[in-house]
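S.K.: This is the structure I want to talk about, given as structure tokens.
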Amino acid sequence: MGDNGSSQPLIELQNVNRFFRQGRTRVQVLQNINLAVAENEILCLVGESGCGKTTTGRIMVGLLEPSSGEVRYRGRPVNTLRGKDRAEYRRALQIIHQDPFASLNPAHTVGQILAFPLQRHRMAEGRGGVRRRIWELLTLVDLTPPGDIVNKYPHQLSGGQRQRVSVARALTVNPRLIVADEAVSMVDVSIRISLLKMLHRLRDEYGIAIVFITHDLALAKYFAWEGRIAVMYLGRIVELGPTPDIISRPAHPYTRALISAIPEADPQITRSKQRMVLRSEDIPSLLEIPPGCAFHPRCPFFVEGVCDTQLPTLEKVPDGSQYAACTPLTRGQELRLYGS
Amino acid sequence: MSISDSTILSVQDVSISYLAHRGKVRAVSRVSFDLHQGESLALIGESGCGKSTLNLGIIRLLPKTGRIDQGKILYTTRDGRVVDVLGLSEREMREFRWAECAMVFQAALNSLNPVIRVRDMVYDTAQAHGRHDRVQIRKRMLELFRRVRLDPERVFNAYPHELSGGMRQRVLLALGVLLNPQVVILDEPTTAVDILTQRTILEVLRELRAAMGFSIIFISHDLSIAAEMADTVATMYAGEIVEIGPVEELFYRPRHAYTLGLLEAVPKLSVGAQELVSIPGSPPDLIEPPPGCKFHPRCPFVTERCRREPPPLVEEAPGHRVACFESARVLAHSQPVR
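Chains as they are written, first to last, in the numbering used here: chain Y, 4 to 343; chain L, 5 to 342.
Right, dumping it as structure tokens:
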């Protein structure tokens, strides 16, 4: 949905559902996710904790399987891929995790961390070739001079440097898409931007697509300005579209609530911002997802008999370029405050 | 001991260090500021800049390896006496914490005892502070829970695990102000909570403050929270306050290169496509900090003088003090941006 028509998406999720077991109960963490990422695209998944954004990312790269529905890599269902094709898919999609302290083996040097996938996947010839490629990769992620870094252990590096090593490791296998899961949220504010710029550069120079998962809408706005944002709530995509539209003309009430709630790094703007008042402050449990639109118990524009009974589907917003899952909205009704 | 009329807390020339294997870590160096009646002061800065250490120092809850090397922390009691917090006995200190100056920690899960109900924790803590009238405490606690938009009865009788992160943070906030303190210190009050929950916490905090009139010191790495909540903002870098001033001064007319750098690194939602820049390099080693201005190795405005001489904190505009030799150039650079 919403991709560039003719070109085949790199990766596509179709009607993906995912359940987790919690004792005897079944928790649905993803419900009917349809999402395609094109080559060279930037897509941000945003939402609050528990909305399913990380699960979506993990399903994309094949770390998790959907409970039902299909994942397609260049048009082919990934569960039918075998042998070389499967290896290609797994190489083409890489993930960078949130915590650079946990995702690098503390007993290996940076050189070893990068050499292992290069040798395992035969991405470089001989010891000289591996060494040359490590030097290239470290330069690519701005860890220069590489000679100073290559023999260091993760604990000798700062959080930002570690995250650069994670990116270099993802690059060892020449991926086509990198899923960056909260990749800068543990990095200090002053150096976040340089990491994001590096990811942008990788996209520009090597055509790598990036799925950027974050809870920080301002960061998503900056990073995906030329791409798309998907807003998730309780396991569903509630709004999807080009970033500038989502940010400046959000359609779904949940997106509007998020945008109105965010404090901004500008005293006058943040103190004069219109804040949307929700009907409830309680986030429903995934064990008891409200019927109909999952946001209806909190939504100020709740329409009785519609929102609480009908499951909204992601549809084009009238006079907007984005898609939203809000029945009154996509039917073209004017949203009115509940009870007014 | 001198202290102006409306000043509730005056931190004067305070240095704090930790003993580590490699040597002495100078976590806070010669920090001074005044907190006035009803004022909200934000300490901003990156991890390791000393903002949490400074606040732990104020309530004297530093870990064993930490030491306050010098300085005074003058506090004005309700009856107008001025006391030096660093000179209080352990018994007096217990009364000072919470009843005079309350600290609300981040990571609300770790600050609540998981095996007892909220009400027992309330009674226990109140008792430890010499408040034995349970009926009175219960009444006041329920009233405060209502104020922070919690279901009073339910929360009072709940175990911490039955509450969400945002609810726990509000419980801590209500608990913090139970004894009607004059100063409330909040350490990253909304870190690790969701956006809509954060909004609730900010609003509840604003309402409580308006109703009770306490002063606030809050620590945040998030500039947008400071922009919204603070009257005064202090930027900390490598253990020092490098700039302090009224919130609009600091955000619209920053005079220190580090403050400017932070502002240029933070995306804003309401502005279209943005050109942002990171600050090069990383914070210095506090065991052997660089000579001169500690920010000089990362500073785009650096001169020879900055490498030699530490800049003093000088008042350059009303209430706006900055420790930077090149503040005029920083200010000039910051102007076209806004």
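Even glycine gets a Cβ: it sits at the ideal position worked out from N, Cα and C.
Being a predicted model, the structure only gives us computed values, none of them experimental.
Tell me which residues share the same chain as residue 57 (chain Y) and place their Cβ nearer than 7 angstroms to its Cβ, disregarding the 5 neighbours each side in the sequence.
M.R.: Closer than 7 angstroms at the Cβ level, and outside the excluded window around residue 57 (chain Y), lie 184 and 216.
S.K.: Check whether the Cβ of residue 15 (chain Y) lies closer than 8 angstroms to any Cβ atom in chain L.
M.R.: Closer than 8 angstroms: no.
S.K.: Can we say the stretch 83-98 of chain L touches the stretch 186-196 of chain L, given the rule of at least three CB pairs closer than 8 angstroms?
M.R.: No, because fewer than three Cβ pairs between the stretch 83-98 of chain L and the stretch 186-196 of chain L fall closer than 8 angstroms, the two stretches do not touch.
S.K.: Going along the chain, which residues of its own chain have a beta-carbon closer than 7 angstroms to the beta-carbon of residue 160 (chain L), five neighbours each way excluded?
M.R.: So the list reads 122, 123, 145, 146 and 149, once near-sequence residues are dropped.
S.K.: Our contact map puts residue 96 (chain Y) next to residue 198 (chain Y) with C-beta atoms below 8 angstroms; I'd like the distance itself, whole angstroms only.
M.R.: Not quite, the Cβ-Cβ distance comes to about 20 angstroms (not below 8 angstroms), so this is no contact.
S.K.: Taking only beta-carbon atoms, is residue 57 (chain L) less than 8 angstroms away from chain Y?
M.R.: No, no contact with chain Y.
S.K.: Considering only residues of the stretch 216-302 of chain L, which uninterrupted alpha helix (DSSP H) runs meet the minimum length of 4 residues and lie entirely inside it, listed in chain order?
M.R.: Qualifying alpha helix (DSSP H) stretches, in chain order: 227-233, 251-256 and 261-267.
S.K.: Out of Y:226, Y:320 and Y:142, state which residue places its alpha-carbon closest to the alpha-carbon of residue 280 (chain L).
M.R.: It is Y:226 whose Cα lies nearest to the Cα of residue 280 (chain L).
S.K.: By the three-class DSSP mapping on this structure, what secondary structure does residue 24 (chain L) have?
M.R.: DSSP places residue 24 (chain L) in strand when its eight states are reduced to three.
S.K.: Please name the residue in Y:60, Y:59 and Y:159 whose C-alpha comes closest to that of residue 108 (chain Y).
M.R.: Among Y:60, Y:59 and Y:159, the Cα nearest to that of residue 108 (chain Y) is on Y:159.
S.K.: Around the Cβ of residue 224 (chain L), are there at least 16 other Cβ atoms within 10 angstroms (buried) or fewer (exposed)?
M.R.: Under this definition residue 224 (chain L) is a buried residue.
S.K.: May I ask you to verify whether the stretch 241-259 of chain L touches the stretch 211-218 of chain L, counting CB pairs closer than 8 angstroms and requiring at least 3?
M.R.: Taking 8 angstroms as the limit for Cβ pairs, the verdict is that the stretch 211-218 of chain L does not touch the stretch 241-259 of chain L.
S.K.: Residue 265 (chain L) versus chain Y: which residues are under 8 angstroms apart at the beta carbon?
M.R.: The contacting residues are 193.
S.K.: If we cut at 8 angstroms on Cβ distances, does residue 5 (chain Y) have a partner in chain L?
M.R.: Unreliable positioning characterises residue 5 (chain Y) in this predicted model, as indicated by a pLDDT of 44, which lies under 50. A coordinate reading is not provided.
S.K.: Excluding the five sequence neighbours on either side, which residues of its own chain have a C-beta within less than 8 angstroms of the C-beta of residue 24 (chain L), listed in chain order?
M.R.: 69 and 291, listed in sequence order.
S.K.: Based on the DSSP output, what are the partners of residue 20 (chain Y) in its beta bridges?
M.R.: In the DSSP output, where bridge partners are listed per residue, residue 20 (chain Y) has Y:71.
S.K.: List, in order along the chain, the chain L residues whose C-beta lies closer than 7 angstroms to that of residue 221 (chain Y)?
M.R.: 271, 272 and 273, listed in chain order.
S.K.: At the 8 angstroms Cβ level, is residue 105 (chain Y) part of the contact set with chain L, yes or no?
M.R.: Answer no: the Cβ-Cβ gap between residue 105 (chain Y) and chain L never drops below 8 angstroms.
S.K.: Go ahead and label residue 277 (chain L) buried or exposed: buried means 16 or more other beta carbons lie within 10 angstroms of its beta carbon, across all protein chains shown.
M.R.: Looking at its Cβ environment, which holds fewer than 16 other Cβ atoms inside 10 Å, residue 277 (chain L) is exposed.
S.K.: What are the boundary residues of the beta strand (DSSP E) that includes residue 162 (chain L)?
M.R.: Taken as a continuous stretch (DSSP letters only), residue 162 (chain L) belongs to no beta strand (DSSP E), as it is neither H nor E.
S.K.: Is DSSP giving residue 218 (chain Y) helix, strand or coil here?
M.R.: Three-state DSSP puts residue 218 (chain Y) in coil, outside helix and strand.
S.K.: Starting from the Cα of residue 324 (chain L), find the closest Cα among L:283, L:288, L:264 and L:259 and give me that residue.
M.R.: Answer by Cα proximity: L:259.
S.K.: Do you know how far the Cα of residue 211 (chain L) is from the Cα of residue 278 (chain Y)?
M.R.: Their backbone Cα atoms lie some 15 angstroms apart in a straight line.
S.K.: Determine, using beta carbons only, whether residue 52 (chain Y) comes closer than 8 angstroms to chain L.
M.R.: At least one chain L Cβ lies under 8 angstroms of residue 52 (chain Y).
S.K.: At a Cβ threshold of 8 angstroms, is residue 300 (chain L) touching chain Y?
M.R.: With 8 angstroms as the cut-off, residue 300 (chain L) does not count as an interface residue toward chain Y.
S.K.: Skipping 5 residues on each side, what residues in its chain have a beta carbon closer than 6 angstroms to that of residue 54 (chain L)?
M.R.: Cβ neighbours of residue 54 (chain L) beyond the five flanking positions: 31, 32, 240 and 243.
S.K.: Could you tell me whether the Cβ of residue 47 (chain L) comes closer than 8 angstroms to any Cβ of chain Y?
M.R.: Residue 47 (chain L) does not count as touching chain Y.
S.K.: Buried or exposed: which applies to residue 41 (chain Y), given that a residue is buried once 16 or more other Cβ atoms fall within 10 Å of its Cβ?
M.R.: That one is buried.
S.K.: Run through the DSSP bridge pairs and tell me what residue 318 (chain Y) is partnered with.
M.R.: DSSP, once it has assigned bridges, lists Y:327 as partnering residue 318 (chain Y).
S.K.: Enumerated in chain order, which unbroken segments of the alpha helix (DSSP H) with a length of 4 residues or greater are wholly contained in the stretch 72-141 of chain Y?
M.R.: Entirely contained in the stretch 72-141 of chain Y, the alpha helix (DSSP H) runs reaching 4 residues are, in chain order, 86-95 and 113-123.
S.K.: Taking Cβ-Cβ distances shorter than 7 angstroms, what residues in chain L pair up with residue 311 (chain Y)?
M.R.: Neighbours of residue 311 (chain Y) on chain L: none; closest Cβ ~20 angstroms, over 7 angstroms.
S.K.: Measure how close the beta-carbons of residue 44 (chain Y) and residue 244 (chain Y) come, nearest whole angstrom, since I'm counting them as under 8 angstroms.
M.R.: Residue 44 (chain Y) to residue 244 (chain Y), Cβ: 13 angstroms. No contact.
S.K.: Considering only C-alpha positions, which residue in the set Y:39, Y:28, Y:27 and Y:11 is nearest to residue 18 (chain Y)?
M.R.: Checked all of Y:39, Y:28, Y:27 and Y:11; the closest Cα to residue 18 (chain Y) is Y:39.
S.K.: Take the Cβ of residue 114 (chain L) as the centre, count every other Cβ of all protein chains shown within 10 Å, and call the residue buried at 16 or more, exposed below.
M.R.: Answer is exposed; the Cβ neighbour count stays below 16.
S.K.: Between the C-alpha atoms of residue 5 (chain Y) and residue 228 (chain Y), what's the straight-line distance to the nearest angstrom?
M.R.: Its pLDDT being 44, under 50, residue 5 (chain Y) is placed unreliably in this model, and the value from its coordinates should be taken loosely. Straight-line Cα distance between these residues: approximately 16 angstroms.
S.K.: Hey, is residue 204 (chain L)'s beta-carbon within less than 8 angstroms of any beta-carbon in chain Y?
M.R.: Residue 204 (chain L) counts as touching chain Y.
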